[in-house]
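For reference, the structure is listed below as structure tokens.
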Amino acid sequence: GAGVSQTPSNKVTEKGKYVELRCDPISGHTALYWYRQSLGQGPEFLIYFQGTGAADDSGLPNDRFFAVRPEGSVSTLKIQRTERGDSAVYLCASSLIPGNEQFFGPGTRLTVL
Amino acid sequence: SQQGEEDPQALSIQEGENATMNCSYKTSINNLQWYRQNSGRGLVHLILIRSNEREKHSGRLRVTLDTSKKSSSLLITASRAADTASYFCGAGNMLTFGGGTRLMVKP
Chain A
138 GAGVSQTPSN KVTEKGKYVE LRCDPISGHT ALYWYRQSLG QGPEFLIYFQ GTGAADDSGL
198 PNDRFFAVRP EGSVSTLKIQ RTERGDSAVY LCASSLIPGN EQFFGPGTRL TVL
Chain B
3 SQQGEEDPQA LSIQEGENAT MNCSYKTSIN NLQWYRQNSG RGLVHLILIR SNEREKHSGR
63 LRVTLDTSKK SSSLLITASR AADTASYFCG AGNMLTFGGG TRLMVKP
């Protein structure tokens, strides 16, 4: 599998619960991006990693959202105290270096009941 | 605020016709990327065009970029039913997208 992979593909949770979404970027890609997409809208930028560090987290909507990439490869997006408004498809993308083509994974569809 | 805005929001054409979609953005960028999306899941990368390029081709796709007008266009020639999808432009490094153009190609 040479593409970006994301797990789980679907996640249903209850309001107030904690969730973790995982992204495996393309091997060797140094830049990793998280987006979320609501129905009928374009993806919305959340956070961008260059290596292990968050280079830009200006898109995170509030402090319930957090992401890590401890070894510069796999990344986990963490959402605390989920709200119904967090329901969306969470997309991950990676690029070889910043400014190159970004390749997207299939997304995780999060539903908060 | 969203940087890339696609126009039109929806486009319906017959197979074999050309489809043109436009994108406008607000601030200076180093590159712009076009994507296709089916069924609301992952985006498929089509073309990246850099700020020092004016036109780029890939198969039946032609992308232009006008940095003075902060706009880009995607032309799909000889469209096929399989081209039916939503198309998005993403501007800048942390891609900012508009609402997309929903293209329907009728067989």
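These protein sequence lines map, in sequence, to chains A and B.
Per this note's numbering: the first sequence = residues 138 to 250.
Per this note's numbering: the second sequence = residues 3 to 109.
Every residue gets a Cβ at the ideal spot worked out from N, C-alpha and C, and that includes glycine.
Opposite Leu-67(B) in the DSSP bridges: which residues? Ser-74(B)
For Lys-152(A), which residues from the same chain have a beta carbon less than 7 angstroms from its beta carbon, with the 5 sequence-adjacent residues on both sides left out? Thr-219, Glu-220, Arg-221, Val-249 and Leu-250
Which residues bound the beta strand (DSSP E) around Met-2(B)? Residue 2(B) cannot be examined here, being either before or after the span of chain B that is shown, 3 to 109.
Could you tell me which chain B residues have their CB closer than 7 angstroms to the CB of Phe-241(A), listed as they occur along the chain? Gly-44 and Leu-45
Close beta carbons around Pro-145(A), own chain, < 7 angstroms, minus the five adjacent residues each side: Thr-245
According to the Cβ coordinates, are Pro-109(B) and Glu-19(B) closer than 8 angstroms? no
Cβ-Cβ distance between Thr-103(B) and Gln-39(B) below 8 angstroms: no
At the 8 angstroms Cβ level, is Pro-145(A) part of the contact set with chain B, yes or no? no
Quick check: what's the CA-CA separation for Thr-150(A) versus Asp-223(A)? 11 angstroms
Beta-carbon proximity list for Thr-66(B), same chain, < 6 angstroms, skipping 5 on both sides: Glu-57 and Ser-75
Any idea if Ile-78(B) is buried or exposed, counting beta-carbon neighbours within 10 angstroms, 16 or more meaning buried? buried
Taking CB distances under 8 angstroms as the criterion, tell me whether Gly-100(B) reaches chain A. yes
Select from Ala-80(B), Ile-49(B), Gly-92(B) and Asn-33(B) the residue whose C-alpha is nearest the C-alpha of Val-107(B). Ala-80(B)
Within chain B, the residues that Phe-182(A) reaches when beta carbons sit closer than 7 angstroms: Met-96, Leu-97 and Thr-98
Could you check whether the Cβ of Asn-54(B) sits closer than 8 angstroms to any Cβ belonging to chain A? no
Between Tyr-172(A) and Phe-182(A), is the Cβ-Cβ spacing less than 8 angstroms? yes
Could you tell me the alpha carbon to alpha carbon distance between Leu-50(B) and Leu-158(A), rounded to whole angstroms? 28 angstroms
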